[in-house]
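Heads up, the thing below is written out as C-alpha cells.
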Amino acid sequence: MPSDQDTPRHIAIIMDGNGRWAKERGLPRREGHRAGAESVREAIDACKELGVEYLTLYAFSSENWNRPAAEVKALMALLDRFLDEREKDLMRQDVRLLAIGQIERLPASTRKRLDRLKEKTANNRSITLVLALSYGSREEIVEAARSLATDAAAGKITPEQIDNSLFASRLWTGDIPDPDLLVRTSGELRVSNFLLWQISYAEIVIVKKFWPEFRQGDLFEAVNEYRRRHRRFGAL
Ligand code: FPP
9 MPSDQDTPRH
19 IAIIMDGNGR
29 WAKERGLPRR
39 EGHRAGAESV
49 REAIDACKEL
59 GVEYLTLYAF
69 SSENWNRPAA
79 EVKALMALLD
89 RFLDEREKDL
99 MRQDVRLLAI
109 GQIERLPAST
119 RKRLDRLKEK
129 TANNRSITLV
139 LALSYGSREE
149 IVEAARSLAT
159 DAAAGKITPE
169 QIDNSLFASR
179 LWTGDIPDPD
189 LLVRTSGELR
199 VSNFLLWQIS
209 YAEIVIVKKF
219 WPEFRQGDLF
229 EAVNEYRRRH
239 RRFGAL
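Here it is as C-alpha cells:
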C-alpha cells in the first residue's frame with residue numbers, strides 16, 4: 009500500500025466497462041452492473057485505508073436515461089439495494105453520503121432511500137461518498153448560470169460579482185473540494201460530461217480493466233501514479 013504522503017484529497021471515478029465485462033462472459037448487462045457494485049465496495053475500502061476525504065462515483069449519467077428501460081430499471085434496483093444493504097457498513101466505516109445530479113428525476117422510492125441515508129450518515133466524518141446520479145456536467149453548469157442570471161436580474165448580485173468562486177458555489181458540488189485525481193476504467197480516453205468544471209487541474213489516470221474487475225490494489229496503483237506526477241497548476 010502507498011504511504012500517506014501526498015494522498016489525493018478527492019478521487020472521482022468513471023466506472024466504465026460493466027457491459028463489456030458481461031458480454032465477454034456471455035452474461036446480460038445487468039450482471040455487469042451487479043458485479044460493478046462489488047467494485048464500489050472495494051473502492052470505498054481502499055479510499056478509507058488511504059485517508060482520502062472524498063470519493064465521487066459516476067453511478068448514473070443524464071445520458072443513461074436513454075438506455076433500454078429494462079437496464080435503467082436494473083440500475084435503479086441495484087442502487088436501491090446498495091442504499092438498503094450498505095447502511096450498517098457506511099455507519100461502521102464513518103462514511104457520509106451525498107448525491108449530486110438531477111436527483112428529482114430518480115424514482116420516488118430511490119429518492120426516499122437516498123434522503124434517509126444522507127440524513128442518517130450526515131454526521132459521519134472519515135470520508136464523504138458522493139454518488140453522481142442522473143448527473144450531467146453541462147446540465148449542472150447551465151443550472152448554475154441560470155441561478156446567477158436569476159439573482160442578477162432580481163438585483164441581488166451584479167454581473168461583476170460573478171467570479172470563479174461564486175460560480176463554483178452554485179454547482180451541485182457546492183463546497184466539495186475539486187477532485188485531485190480522476191480515474192476512468194476500461195481504457196477509454198473520454199471525460200463523458202463528468203465534473204467538467206471541477207476537474208480543471210485533476211490528474212487523469214486511465215485503468216485498462218473493466219470496472220467489475222477493479223480491486224483495491226488498482227486504486228492504490230492509480231494513487232501511486234498520481235504521486236509520481238509533478239503537479240504544477242499551470243505554473244513552473
Ligand atoms: C458503465 O458501464 C457503468 C454504468 C453506466 C453504471 C455504473 C453502476 C454501477 C457500478 C453499479 C451500481 C452503483 C452503485 C453506486 C451501487 P457501461 O454499462 O457503460 O459499460 P460498457 O461501456 O462496457 O457498455
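Note that my numbering numbers the sequence shown so that position 101 is 109, with each residue one more than the last.
Note that the Cβ used here is the ideal one computed from N, Cα and C, for glycine as well.
These numbers were taken from a predicted model, which means no experiment stands behind them.
If you measure from the CB of residue i, is any heavy atom of the ligand FPP nearer than 7 Å?
i, result
"Leu58", "no"
"His18", "no"
"Asn201", "no"
"Arg37", "yes"
"Trp219", "yes"
"Asn74", "no"
"Phe90", "yes"
"Asn131", "no"
"Ala45", "yes"
"Ala67", "yes"
Assuming residue i contacts residue j (C-beta within less than 8 Å), just tell me the rounded distance between them.
i, j, result
"Leu122", "Leu91", "6 Å"
"Ile212", "Val138", "The Cβ separation is near 18 Å, so there is no contact."
"Leu256", "Ser145", "Nothing can be reported for residue 256, as the shown portion of the chain is limited to 9 through 244."
"Ile111", "Leu141", "6 Å"
Who pairs with residue i in a beta bridge, going by DSSP?
i, result
"Arg192", "Ile22, Ile214"
"Ala140", "Tyr66, Ile108"
"Ile207", "BP columns for Ile207 are empty, so no partner."
"Ile135", "Val103"
Task: Completely contained alpha helix (DSSP H) runs for the stretch 102-128, where each covers 4 or more residues - done: Runs found: 116-128.
Task: the stretch 15-23 contacting the stretch 65-72, beta-carbon criterion three pairs below 8 Å - done: Contact holds: three or more Cβ-Cβ distances are below 8 Å.
- [ ] Would you be able to state if there are at least three C-beta pairs under 8 Å between the stretch 163-172 and the stretch 97-116?
- [x] They do not touch, by the three-pair rule.
TODO: Determine, using beta-carbon pairs with one atom in the stretch 188-199 and one in the stretch 224-232, whether at least three such pairs fall under 8 Å.
DONE: Yes: at least three Cβ pairs fall under 8 Å.
Task: Three or more C-beta pairs below 8 Å linking the stretch 48-56 and the stretch 206-224 - done: Remark: three or more beta-carbon pairs, one from each stretch, lie closer than 8 Å, so the stretch 48-56 and the stretch 206-224 are flagged as touching.
Task: Any 3 or more C-beta pairs closer than 8 Å across the stretch 69-81 and the stretch 97-107 - done: Taking 8 Å as the limit for Cβ pairs, the verdict is that the stretch 97-107 does not touch the stretch 69-81.
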